[in-house]
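**Q** Per my numbering, residue 371 is the first one in the sequence shown, and the count goes up by one each step.
Where a beta carbon is used, it is the ideal one built from N, C-alpha and C, also for glycine.
Here the structure is a predicted model, which means the values were calculated and not measured.
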Amino acid sequence: MRTRMIAGNWKMNTTLSEATNLAESLTSISSPETEVVIFPPFISLGTVQNTVKNSQIKLGAQTIHHEPKGAYTGEISGPMLKSVGCDYVLIGHSERRQYFHEDNALLNQKIRAAISHQLIPILCVGESLAERENNITLDVIKTQILEALAAIPYTNMVIAYEPVWAIGTGKVASPEQAQEVHAFIRKILSDHYDKMSAEKIRILYGGSVTPQNSHSLFEKPDIDGALVGGASLSAESFINIIQTHS
Ligand code: PEP
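1. What are the partner residues of Y575, as DSSP defines its beta bridges?
2. For E405, is the classification buried or exposed, using 16 other Cβ atoms within 10 angstroms of its Cβ as the cut-off for buried?
3. Report the rounded CA-to-CA distance for D509 versus E497, giving the unit in angstroms.
4. For a minimum of 4 consecutive residues, which ranges assigned as the alpha helix (DSSP H) are wholly contained in the region 382-428?
5. Can you tell me whether C494 sits near ligand 1, meaning its C-beta is under 8 angstroms from at least one heavy atom of the ligand?
6. Beta-carbon within less than 8 angstroms of I609's beta-carbon, same chain only, minus the 5 sequence neighbours each way: which residues are those?
7. Within 10 angstroms of its Cβ, does G462 collect 16 or more other Cβ (buried), or is it exposed?
8. Quick check on Y442: buried or exposed, where buried means 16 or more other Cβ atoms within 10 Å of its Cβ?
9. Q488: buried (16+ other C-beta within 10 angstroms of its C-beta) or exposed?
10. Given T390, which residues of its chain have a CB within under 6 angstroms of its CB, disregarding the five upstream and five downstream residues?
11. On a CA-only basis, which of D592, Q613, E394, P411 is nearest N424? Give me that one, please.
12. Just checking K381 against ligand 3 - is the residue's beta carbon closer than 8 angstroms to any of the ligand's heavy atoms?
13. Give the list of continuous alpha helix (DSSP H) stretches no shorter than 4 residues that lie fully inside the region 537-575.
14. Going by DSSP, name the residue or residues bridged to I461.
15. Is it buried or exposed, Y531, if we count other Cβ atoms within 10 angstroms and call 16 or more buried?
16. Have a look at M566 and S387 and give me their C-alpha separation to the nearest angstrom.
17. For G444, which beta-bridge partners are listed by DSSP?
18. Go to N610, then tell me how far its alpha helix (DSSP H) extends in each direction, as first and last residue.
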């Protein structure tokens, strides 16, 4: 039995005071059957950790540098993220792949860095609209997973399936489209590791999730929760997604 996870990716939104207020309004959440993780901007992590420390909310970072320290101006390392209370880190969000040219080989190094600093990686994968229209969705997903996880032994990790055409567009994948890819991802994980390990790995769906569409997504057997962008910036809609019953 996998514990449902609802993760909120705040991206490059919220000033320090806005982040603190948003985090504060989530602290009353009491949803013991769901793991809730938020991913504020780097500069707010320390303050938000203080805000949520007596609640069930966990903290994650939006990316990580693969080296533990050194001359990498502007970057943030695993030990730094641990020092502000992060448990999770997003790896390979499509915006990092698109705007910061992160490829699967680099993501492999980032996953290794996360694991070596006791951060749980959430590997994001997903096809573009052109790739879906060319019927190569499953090939793209397989390559993204196998290259990112190459020679990495099984460990506690999460996968987020986020079709690029559904992120921030209001176009959500149908529950059937998402389930097809999630089941495929689990099969890849089963072949790469083993069936028992693959059954333990949570696979989140991401892409325009709202309180209106979360129920039908969460009904599917391989959809173990959601990575939420836009709707996580409103406490009300994020809490409504957390409280979705399937
Ligand atoms: C995301 O950024 O991971 C995401 C899924 O965004 P949105 O929910 O806004 O589509």
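**A** This is what the structure gives:
1. Y531, A596
2. buried
3. 9 angstroms
4. 386-394, 415-422
5. yes
6. L396, I399
7. buried
8. exposed
9. exposed
10. T417, T421
11. E394
12. With respect to ligand 3, the structure shown offers nothing to examine, as its ligands consist of ligand 1.
13. 545-562, 565-570
14. L493
15. buried
16. 44 angstroms
17. DSSP output for G444 lists no bridge partner at all.
18. 605-612
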